[in-house]
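Undergrad: Residue 25 is where the sequence shown starts when you use the working numbering, and the numbers rise one by one after that.
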Amino acid sequence: MNLPLARPGARKEAILSLVPQCRLGAEIGADHGLISAHLLRENRCGHMVVSDISAASLAKARRLFLLHGLTARAALRVADGLDALCGLAEKPAAVVIAGMGAQSIAGILARGSEAWDGTAFVLQPNPDPPYLRRWLAAHGFAIEAERLAFEGGRYYVAMRARRGASDYTPKELLLGPCLLRDKPALWQPYLRWRRDCLRAARDTGPQTAWIEEEMADEAGDGPDRL
Numbered sequence: 025m026n027l028p029l030a031r032p033g034a035r036k037e038a039i040l041s042l043v044p045q046c047r048l049g050a051e052i053g054a055d056h057g058l059i060s061a062h063l064l065r066e067n068r069c070g071h072m073v074v075s076d077i078s079a080a081s082l083a084k085a086r087r088l089f090l091l092h093g094l095t096a097r098a099a100l101r102v103a104d105g106l107d108a109l110c111g112l113a114e115k116p117a118a119v120v121i122a123g124m125g126a127q128s129i130a131g132i133l134a135r136g137s138e139a140w141d142g143t144a145f146v147l148q149p150n151p152d153p154p155y156l157r158r159w160l161a162a163h164g165f166a167i168e169a170e171r172l173a174f175e176g177g178r179y180y181v182a183m184r185a186r187r188g189a190s191d192y193t194p195k196e197l198l199l200g201p202c203l204l205r206d207k208p209a210l211w212q213p214y215l216r217w218r219r220d221c222l223r224a225a226r227d228t229g230p231q232t233a234w235i236e237e238e239m240a241d242e243a244g245d246g247p248d249r250l
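Structure (structure tokens):
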């Protein structure tokens with residue numbers, strides 16, 4: 025069969041855009057497997073290792089791949105985190121871990137350090153991207169790309185990281201080194217949202233000041249515009 029896949033929302037589009045083209049990719053915590061299915065259908069990944077700790081969740085992915093004729097290109101594994109990659113003849117060039125808490129993602133990476141070298145990790149934490157950036161920087165990762173998405177009234181940040189040297193400022197760890205550099209279309213509303221969240225938490229410290237400084241620079245009021 026070659027039925028059309030359900031169109032991904034903005035969050036999944038952001039994740040998909042960060043996955044490099046490769047012979048073998050992997051998705052950890054795949055649930056229904058829609059991200060993996062799109063990576064296969066778009067030929068961004070030749071084959072996928074599709075993993076979830078829940079056999080029931082993985083059964084949904086199996087049905088999806090069968091329906092869309094992708095079964096031969098997907099190896100489904102019930103496993104905990106990066107244990108899904110054990111015993112493979114070829115290490116995946118890209119690993120997606122998305123839609124879970126930042127601390128959960130960091131825990132998965134910490135327990136699978138043998139998979140770190142040479143792998144592009146596409147990560148999408150819900151919520152707390154700053155926590156994940158701090159963890160990555162502390163464990164020898166460099167963040168090479170980031171994406172912003174807005175869906176269902178919420179902002180999402182996706183990022184791609186690899187092993188490498190990094191030296192981020194506290195402001196970069198809060199707002200994202202690549203987002204600060206690229207200033208995507210959603211940048212200003214995202215900054216306002218982050219500022220409002222900090223204000224609601226009665227946080228009037230340096231984080232709020234950094235965000236307001238960035239907003240002023242973007243509006244043309246910063247010292248570099250004088």
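Just so it is clear, CB atoms sit at the ideal spot from N, CA and C, and this is done for glycine as well.
How far does the beta strand (DSSP E) with His71 in it reach, from first residue to last?
TA: Looking at the DSSP string, the run of the beta strand (DSSP E) that includes His71 is 69-76.
Undergrad: By how many angstroms is the C-alpha of Ser81 removed from the C-alpha of Thr193?
TA: Whole-angstrom Cα-Cα distance: 39 Å.
Undergrad: Excluding five sequence neighbours on each side, which residues of the same chain lie with their C-beta closer than 7 Å to the C-beta of Lys195?
TA: So the qualifying residues of the chain are Trp234.
Undergrad: In the DSSP assignment, find the beta strand (DSSP E) that holds Tyr155 and state where it starts and stops.
TA: Premise fails: Tyr155 lies in the alpha helix (DSSP H), 153-162, not in any beta strand (DSSP E).
Undergrad: With distances taken Cα to Cα, identify the nearest neighbour of Ala185 among Ala169, Pro32, Asp191.
TA: Measuring from the Cα of Ala185, the nearest candidate turns out to be Ala169.
Undergrad: Give a yes or no on whether the C-beta atoms belonging to Gly125 and Asn150 are separated by under 8 Å.
TA: Yes, the pair counts as a contact, with Cβ atoms nearer than the cut-off.
Undergrad: Can you tell me which of Lys84, Ala108, Ala118, Ala122 puts its alpha carbon nearest to the alpha carbon of Glu37?
TA: Glu37 has its Cα closest to that of Ala122, out of Lys84, Ala108, Ala118, Ala122.
Undergrad: Among all the DSSP beta bridges, which residues are the ones paired with Val43?
TA: Partner(s): none; Val43 has no beta bridge.
Undergrad: By DSSP, does Ala79 sit in helix, in strand, or in coil?
TA: It is helical.
Undergrad: Is Pro208 helix, strand or coil by DSSP?
TA: Three-state result, Pro208: coil.
Undergrad: Mapping the DSSP letters down to three states, classify Arg31 as helix, strand or coil.
TA: Looking at Arg31 - three-state DSSP - the assignment turns out to be coil, as it is neither helix nor strand.
Undergrad: Is the segment 91-104 in contact with the segment 64-71, if contact means three or more CB pairs nearer than 8 Å?
TA: These segments touch.
Undergrad: Where does Asp220 land, buried or exposed, given buried means 16+ other C-beta within 10 angstroms?
TA: Exposed, since its Cβ has fewer than 16 Cβ neighbours within 10 Å.
Undergrad: Please state whether DSSP places Leu243 in a helix, a strand or coil.
TA: Looking at the sequence shown, residue 243 is not Leu but Ala. Three-state DSSP puts Ala243 in a helix.
Undergrad: Near Glu242, which residues of its chain fall below 8 Å by C-beta distance, leaving aside the five closest residues on each side in sequence?
TA: Same-chain partners within the cutoff: Lys207, Trp211, Gln212, Leu215.
Undergrad: In whole angstroms, what is the alpha-carbon distance linking Gly164 and Met183?
TA: The straight-line gap from Cα to Cα measures roughly 15 Å.
Undergrad: What are the start and end residues of the alpha helix (DSSP H) that includes Pro194?
TA: 194-199 is the span of the alpha helix (DSSP H), which, as asked, contains Pro194.
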